[in-house]
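>
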Amino acid sequence: MEIAQLKYMLTLAKHLNFSRAANEVCVTPSSLSQQIKKLENELGVVLVERTTRSVHLTSAGVEFIESAEKIVAQISEINAIMQKYIAGESGKIFVGNCPFFEAYGMSTLIASFQKKYPDISLHFCEAGCLELYSLLCNDKIDVAFLPAFGAFKPEDEPSVEAYPLVDDELVIIVNSAHPLASRQIINLGEVSQEKFISFAKSYDVHQDTVEVCRLSGFIPQFSYETQYPDVVVRMVAEGMGIAMLSSRVLMRIFLKNIAVIRFKPTQLRTLTVAFLKKPNLLPAILNFKNFFIACTKGNRLYNPFNAGLARK
Numbered sequence: 001m002e003i004a005q006l007k008y009m010l011t012l013a014k015h016l017n018f019s020r021a022a023n024e025v026c027v028t029p030s031s032l033s034q035q036i037k038k039l040e041n042e043l044g045v046v047l048v049e050r051t052t053r054s055v056h057l058t059s060a061g062v063e064f065i066e067s068a069e070k071i072v073a074q075i076s077e078i079n080a081i082m083q084k085y086i087a088g089e090s091g092k093i094f095v096g097n098c099p100f101f102e103a104y105g106m107s108t109l110i111a112s113f114q115k116k117y118p119d120i121s122l123h124f125c126e127a128g129c130l131e132l133y134s135l136l137c138n139d140k141i142d143v144a145f146l147p148a149f150g151a152f153k154p155e156d157e158p159s160v161e162a163y164p165l166v167d168d169e170l171v172i173i174v175n176s177a178h179p180l181a182s183r184q185i186i187n188l189g190e191v192s193q194e195k196f197i198s199f200a201k202s203y204d205v206h207q208d209t210v211e212v213c214r215l216s217g218f219i220p221q222f223s224y225e226t227q228y229p230d231v232v233v234r235m236v237a238e239g240m241g242i243a244m245l246s247s248r249v250l251m252r253i254f255l256k257n258i259a260v261i262r263f264k265p266t267q268l269r270t271l272t273v274a275f276l277k278k279p280n281l282l283p284a285i286l287n288f289k290n291f292f293i294a295c296t297k298g299n300r301l302y303n304p305f306n307a308g309l310a311r312k
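Here the sequence shown is numbered in full-length UniProt numbering, starting from 1 and rising by one per residue.
1) Anyone know if the C-beta pair for LEU39 and LEU32 falls short of 8 Å?
2) Where does MET244 land, buried or exposed, given buried means 16+ other C-beta within 10 angstroms?
3) Where does ARG183 sit, in a helix, a strand or coil, going by DSSP?
4) For the putative contact between ILE86 and PRO283, defined by C-beta atoms under 8 Å, what is the C-beta separation to the nearest angstrom?
5) Determine the direct distance from the alpha carbon of SER76 to that of THR52, and round the result to whole angstroms.
6) Find the nearest neighbour of ALA73 within the set LEU130, LYS7 and ALA294, judged by alpha-carbon distance.
7) Please list the terminal residues of the continuous alpha helix (DSSP H) segment that includes MET9.
8) So GLN221 is in the beta strand (DSSP E); what residue range does that whole segment cover?
9) Under a three-way DSSP split, which group does ILE141 fall into?
10) So, are the CB atoms of GLN5 and GLN35 less than 8 Å apart?
11) Which term fits GLY96, buried or exposed, when burial requires 16 or more other beta carbons within 10 angstroms of its beta carbon?
12) Return the residue from the list ILE110, GLY88 and ILE141 that minimises the CA-CA distance to GLU131.
13) Where ALA111 and LEU165 are concerned, what is the direct C-alpha to C-alpha distance, given to the nearest angstrom?
14) Would you decide whether SER67 is buried or exposed? Buried here means 16 or more other CB atoms lie within 10 Å of its CB.
15) Which first and last residues belong to the alpha helix (DSSP H) in which VAL231 is found?
16) CA-CA distance, LEU301 and ASP167?
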C-alpha cells in the first residue's frame, strides 16, 4: 500500500466519479481505476462498486476512508513538523548559562527568541565557566554563555567558536565609610591588604579576582566566600570587607552604603555565546546563534558607567 493510493482513494470518495477524481490527482481515469483495483487486490476486499452510471463505496470502502483520512492527516502533520525542523523553527536546544545571566540582558533576549520561535524548546543548565566548557565540549549542551571565554578555556578543548555579545568591567566595591570610598579610580595594589568578600572558587569572578590581583603583585586575602551576589554586597555594605564584582551584576543589586571604584589595570570581560565547531549546526541552533548575534551587535560598546552606575 502506498501513500499515493490512499490519496487516490480519498479523492475518488470525494467525487464518486473517476473522471473528476483523475483530473484532480493528475492521472488518467484508467490509471486511477487500475490503482484502485491494485489496492483492492492487495487488501483482498472490494472498496468501490462500479457501474456504468455510478460509483459507490462499499461498507469496507467507508471504513477504509475513515482510516485513510487519519493516516493522510498524520502524514501531512509529520511533513509540516519536518519542514519546521528544517527551517529551524522547532527542536530542542540545551543551553548552558553562567550565574547572573540576567544581568547581561540575556533573559529579555531569550524571551524574545521564544516568542519568535515558540516551538523550539530551550533547556537551561547553570554552571561556572569551567564546568560550562566541559559540558559544551562533551556535547552535554549545545550552546554556552560564557562571561570569560578566553581566560578559562581548556587547552585540550575541541574547536569552539565564540561570538562576543556584551562587554563588562570588573570594579571594586567598598563600604561608603571606607578611606577609598571617595576615589573614582585606584591602582589595584592599593587594596592588597584588604579582606575580600568573594564568590565561591568555582565561579569565574573568583578566578578573575585572583588573576588580576596576581598581575598587580599580590594574592588577595579572602575572608568569606558565597555564591550569592547580594550577600557579597550586603557584607561589604556592613564594612566586613571589599569585593570585586561585575559592573553589570552590580547594576542589578546595587544597595546603599556602597561606593563603586574602578581600578587599574582595567579588567574587561565579554559575555560570549559559544558553540562547538561543526560542519553543520542543527537548524534550530543556527537560528539561535544568528538571533543572538543580530540582537546584541550594538551592545558590545556599551559601558555600564556611561549609563549612570553611581554611588549610593
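By construction, the Cβ of each residue, glycine as well, lies at the ideal position given by its N, Cα and C atoms.
In this structure, then:
1) Taking the sequence shown and counting its residues from 1, the one referred to as residue 39 is at position 39. Taking the sequence shown and counting its residues from 1, the one referred to as residue 32 is at position 32. In this structure, LEU39 keeps its C-beta atom at 8 Å or more from the C-beta atom of LEU32.
2) Numbered from its first residue, the sequence shown carries residue 244 at position 244. By the 10 Å Cβ count, MET244 comes out buried.
3) In the sequence shown, counting from the first residue as 1, residue 183 sits at position 183. In the three-state scheme derived from DSSP, where H, G and I count as helix and E and B as strand, ARG183 is classed as coil.
4) For the purposes of this step, residue 86 is identified with residue 86 of the sequence shown, where counting begins at 1. For the purposes of this step, residue 283 is identified with residue 283 of the sequence shown, where counting begins at 1. That pair is a contact at about 6 Å.
5) Taking the first residue of the sequence shown as position 1, residue 52 is located at position 52. Taking the first residue of the sequence shown as position 1, residue 76 is located at position 76. For THR52 and SER76, the distance between alpha carbons rounds to 35 Å.
6) Taking the first residue of the sequence shown as position 1, residue 73 is located at position 73. Of the candidates LEU130, LYS7 and ALA294, the one whose C-alpha sits nearest the C-alpha of ALA73 is LYS7.
7) Residue 9 sits at position 9 when you count from the first residue of the sequence shown. Membership of MET9 in the alpha helix (DSSP H) is indicated by the continuous run 3-15.
8) What you label residue 221 is simply residue 221 of the sequence shown in a count that begins at 1. Its beta strand (DSSP E) spans residues 221-226.
9) In the sequence shown, residue 141 corresponds to position 141, counting from 1. Coil at ILE141, not helix or strand.
10) Position 5 of the sequence shown, counted from the start, is the residue given in the question as residue 5. Position 35 of the sequence shown, counted from the start, is the residue given in the question as residue 35. Judged by their CB atoms, GLN5 and GLN35 are nearer to each other than the 8 Å cut-off.
11) For the purposes of this step, residue 96 is identified with residue 96 of the sequence shown, where counting begins at 1. Using a 10 angstroms sphere on the CB of GLY96, the tally of other CB atoms reaches 16 or more, which defines it as buried.
12) By one-based count along the sequence shown, residue 131 stands at place 131. Relative to the Cα of GLU131, the nearest Cα in the group ILE110, GLY88 and ILE141 belongs to ILE141.
13) Numbered from its first residue, the sequence shown carries residue 111 at position 111. Numbered from its first residue, the sequence shown carries residue 165 at position 165. Rounded to whole angstroms, the separation of the alpha carbons of LEU165 and ALA111 is 17 Å.
14) Within the sequence shown, numbered from 1, the residue matching residue 67 stands at position 67. That one is exposed.
15) Start at 1 with the first residue of the sequence shown, and residue 231 comes out as number 231. Counting along the chain, the unbroken alpha helix (DSSP H) around VAL231 starts and ends at 229-237.
16) Reading the sequence shown from its first residue, position 301 is the one you call residue 301. Reading the sequence shown from its first residue, position 167 is the one you call residue 167. Per-residue confidence for LEU301 stands at a pLDDT of 42, beneath the threshold of 50, marking its modelled position as unreliable; the derived number appears in the next sentence. Their backbone Cα atoms lie some 7 Å apart in a straight line.
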